[in-house]
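Q: I am attaching a structure below and will ask some questions about it afterwards.
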Amino acid sequence: MLAQVLPFDIVQKILCMAVPHTNSPDVMIWTTSTCGGFSLSSTFQELRDVKTSSFTPKQFWHSQVPLKLSFFMLLLLRRRLLLDDVLSRFMPHLPSKCFCCLESQSKTLQHLFMEGELAVAVWNFFGSLCGVNIARGHLRVYLACWWYKPTKLERLKFVFRLLPIFVCWNLWKARNIAVFQGIAKDAHSIFRAIFPRFKGCLLAKVWRVAACYGIASIFGNG
Ligand SMILES: [Zn+2]
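For the sequence shown, the positions run 558 to 779 when our numbering is used.
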């Protein structure tokens, strides 16, 4: 009878099992749950393709991060933004001039988000404000400096998680405005775009630092 519904090898395994000698009635056991009862959640955990979680994606796939920015960070860190170094894999090199430096530089991902004059100015400011020194390394390494920065305060964790994402997003927006509208944004316009989102956490400290850096004017038209 078993052979009518089960493969031969399974039938053989069943026939090899010793029959338990108890007086209790037979009970079906769902082995994937701890209590032995069936549940959809234990079935889903059994069927889904489980992979080890990585620290970096956790930082931008987070409920505190707007979904639009999560997708943007995914494209950025997977090198899917259409910049010269990405496009050069599919076509010959194009004439290139970045929008962010006085001297023309190639529009690479590393230049736009890390090494260009605009990127350096913005990272220097927010880095000095939050105690994250700019590193002349890769963008991914510098982002990790923000995300790994130890703190026990929840509001600072919020700042260290979101601030570098907002910086990258606004550098990308500045690049697109320069390319498609011909308008060059400066570092102050990026400060003004970012500050309202972190006003509650940073404002008190900003005013103290602003006196040192002479940047009080950035709030003038904000
Ligand atoms: Zn540049």
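Glycine included, every Cβ here is placed at the ideal spot set by N, Cα and C.
Are LEU626 and PRO614 touching if we call contact CB-CB under 9 Å?
A: No.
Q: Please confirm whether any heavy atom of ligand 1 lies closer than 8 Å to the CB of GLY673.
A: Yes; taking the cut-off as 8 Å, the Cβ of GLY673 has a heavy atom of ligand 1 nearer than that.
Q: Should GLN662 be counted as a contact of ligand 1 given a C-beta to heavy atom distance under 8 Å?
A: Checking every heavy atom of ligand 1 against the Cβ of GLN662, one is found closer than 8 Å.
Q: Any contact between the stretch 745-756 and the stretch 721-729? By contact I mean 3 or more CB pairs, one from each, below 8 Å.
A: Because the criterion of three Cβ pairs below 8 Å is met, the stretch 745-756 and the stretch 721-729 touch.
Q: So does PHE656 have its beta carbon nearer than 8 Å to some heavy atom of ligand 1?
A: Result yes, Cβ under 8 Å from ligand 1.
Q: State the start and end residues of the unbroken alpha helix (DSSP H) segment that holds LEU696.
A: Its alpha helix (DSSP H) spans residues 696-704.
Q: On the three-state DSSP scale, how would you describe LYS664?
A: In this structure, LYS664 counts as coil in the three-state DSSP scheme.
Q: Taking the alpha carbon of PHE682 as the reference point, which residue from PRO623, PHE617, LEU666, ILE751 has its own alpha carbon closest?
A: Of PRO623, PHE617, LEU666, ILE751, the residue nearest in Cα terms is ILE751.
Q: So, using beta-carbon positions, are GLU674 and CYS687 closer together than 9 Å?
A: No, these two residues do not count as a Cβ contact at 9 Å.
Q: Spatial neighbours of THR665 within its chain, please: CB distance less than 8 Å, with the 5 preceding and 5 following residues excluded, ordered by chain position.
A: For THR665, where only same-chain residues beyond five positions count, the Cβ hits under 8 Å are LEU640, ASP641, ASP642.
Q: Given 8 Å as the limit, tell me if VAL669 has its C-beta closer than that to any heavy atom belonging to ligand 1.
A: The sequence given here places Leu at residue 669; Val does not occur at that position. Result yes, Cβ under 8 Å from ligand 1.
Q: With a 10 Å radius around its C-beta and 16 neighbouring C-beta atoms as the bar for buried, classify CYS655 as buried or exposed.
A: Per the 10 Å Cβ criterion, buried.
Q: Who are the near neighbours of LEU669 in its chain, counting only those whose CB is closer than 8 Å to its CB and skipping five residues on each side?
A: Once the five neighbours on either side are set aside, the close Cβ partners of LEU669 are LEU640, CYS655, CYS657, ALA676, LEU728, TRP729, ARG732.
Q: Going straight from the alpha carbon of PHE715 to that of ARG635, what length do you get?
A: Approximately 23 Å between the Cα atoms of the pair.
Q: Could you spell out the range, first to last residue, of the alpha helix (DSSP H) harbouring PRO721?
A: Start and end: 711-738.
Q: Leaving out five residues on either side along the sequence, give the residues of the same chain with a beta carbon under 7 Å from the beta carbon of ARG697.
A: Closer than 7 Å at the Cβ level, and outside the excluded window around ARG697, lie LEU634.
Q: Roughly how many angstroms separate the alpha carbons of GLY594 and PRO577, rounded to a whole number?
A: Cα-Cα distance, rounded: 20 Å.
Q: Would you identify the three-state DSSP class for PHE612, choosing helix, strand or coil?
A: Helix at PHE612.
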